[in-house]
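One structure is given here, and the rest of the page talks about it.
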Amino acid sequence: MIKYGAVMVLAVAAVFFAAGVLYAGVQPNKEMQALMDSYLAAAMKADPGFKGFSAEEGKAFFNAKRMHSANKEERGCTTCHTTNPANKGKTTVGKVIEPMAPSINKERFTDPAKVEKWFKRNCSWVLERECTPKEKGNYITYMLSI
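As structure tokens, this is what we get:
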């Protein structure tokens, strides 16, 4: 017979798993977890059927290419960051970008202000709009899974 405590642990784990907060790789610090929780709340508000962040969707988002409307050039995260987030990338002007994967670069996804700064800049450059909370959460979930 399963004891009450074990049932509670399983129930809590199921909720966290559904919310996308259990990661296969690096665990977010408390500040980043709070940011991820805010993305989760916003994503659930926008779509009441939202079940949680997906590393698979984050990977697809990271690897997707989009045509920029004004410059008529193909852009994506991998334009600068390469298809392997564990590798260094380069900006369009040749500046080296340290790896995105926090398993390789321990500074990644530790400071919510920096994360928001770079999402604002890079989403605008790639998508010509802000990223949605769902896109941000999926992206970070993918990076934390590497």
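Numbering (my numbering), first residue to last: 1 to 146. Where a beta carbon is used, it is the ideal one built from N, C-alpha and C, also for glycine. All values reported here derive from a predicted model rather than from experimental measurement.
- Taking 8 Å as the cut-off, the beta carbon of L144 is found closer than this to the beta carbon of P102.
- At least 8 Å separates the beta-carbon of H81 from that of E128.
- Close CB contacts of E98 within its chain, under the 7 Å cut and outside five residues either way in sequence, are with K88, N105 (chain order).
- Between the alpha carbons of T92 and R121 lies a distance of about 14 Å.
- Straight-line spacing of the CA atoms in T141 and K72 works out to 30 Å.
- Cβ-Cβ distances below 7 Å link V126 to R66, R75, G76, C77 in the same chain, with the five nearest sequence neighbours on each side left out; the list follows chain order.
- Assignment of M67 by DSSP, reduced to helix, strand and coil, places it in the strand class.
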